[in-house]
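Chemist: The numbering of the sequence shown is the working numbering, which starts it at 1281 and goes up by one.
Heads up, the beta-carbon is just placed ideally off N, CA and C, and yes, glycines get one too.
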Amino acid sequence: MSPYLLFVVTVLGWVGAIVGLIAYLQVSRGRWAPTSLPFQLSNLCATSLMFLVAAVNGVWPSAAANIAWMVIGAQALLVIARARRAARPTTVELPLVAEDVAITRIDVTPAEPAVERFAVAAPAPVLR
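1. Have a look at Pro1318, Leu1321, Ala1326 and Leu1305 and flag the residue whose alpha-carbon is nearest the alpha-carbon of Leu1292.
2. Going along the chain, which residues of its own chain have a beta-carbon closer than 8 Å to the beta-carbon of Ala1399, five neighbours each way excluded?
3. Give the C-beta separation of Ala1303 and Ser1322 to the nearest angstrom, bearing in mind that I take them to be a contact with Cβ-Cβ under 8 Å.
4. Asn1323 lies in the alpha helix (DSSP H); which residues open and close that run?
5. Near Gly1353, what residues of its chain come up, given a Cβ to Cβ distance below 7 Å and the 5 sequence neighbours on each side ignored?
6. By how many angstroms is the C-alpha of Trp1349 removed from the C-alpha of Ala1363?
7. Do you know whose CA, among Val1288, Leu1329, Trp1312 and Gly1310, lies nearest Val1299's CA?
8. On the CB-based measure, 16 or more other CB atoms within 10 Å of its CB, does Val1333 come out buried or exposed?
9. With H, G and I counted as helix, E and B as strand and the rest as coil, what does DSSP make of Gly1310?
10. Exposed or buried, which one is Gly1296 when buried takes at least 16 other CB atoms within 10 Å?
11. Using a 10 Å radius around the Cβ and a threshold of 16 neighbouring Cβ atoms, would you call Trp1312 buried or exposed?
12. Using C-beta distances below 6 Å, list every residue in its chain close to Val1395, excluding the 5 sequence neighbours before and after it, in chain order.
13. Please say whether Val1336 and Val1307 have beta carbons closer to each other than 7 Å?
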């Protein structure tokens, strides 16, 4: 590997280390939550850059630890994305009219299955 490329990889490793330390500092000071998107993205960025340095220099124990760190970070990002998607309200557009009031939008945020929210009515008696 050329000395210039090795220098660039080393600089990227230092950037990763600094990003990881800043993320840890932000969580330690209470500015970021451990489950926050900025913290998890910073961790994933930091570990990816430090993995690059470890792999280029053949430091395989560190490279393996960084791979595990990347997998954990990616899993945390998936959990955050799923939680955000589940928390979004569902919007239903309906052109309903009730006397002088037109209802055009209903926001629905499911908290529990719909089956449990509604009681089943007895069938209406048949008139003869």
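Modeler: In brief:
1. Ala1326
2. Confidence at Ala1399 is low in this model, with a pLDDT of 44, below 50, so the placement of that residue is unreliable and no value is reported for it.
3. 4 Å
4. Leu1317 to Val1336
5. Gln1320, Asn1323, Leu1324 and Thr1327
6. 21 Å
7. The shortest C-alpha to C-alpha distance from Val1299 to any of Val1288, Leu1329, Trp1312 and Gly1310 is the one to Leu1329.
8. buried
9. coil
10. buried
11. Under a 10 Å Cβ-count criterion, Trp1312 is classified as buried, with 16 or more other Cβ atoms of the shown protein chains found around its own Cβ.
12. In this predicted model, Val1395 has a pLDDT of only 46, less than 50, meaning its place in the structure is not dependable; the value taken from the coordinates is given anyway. Once the five neighbours on either side are set aside, Val1395 has no close Cβ partner at all.
13. no
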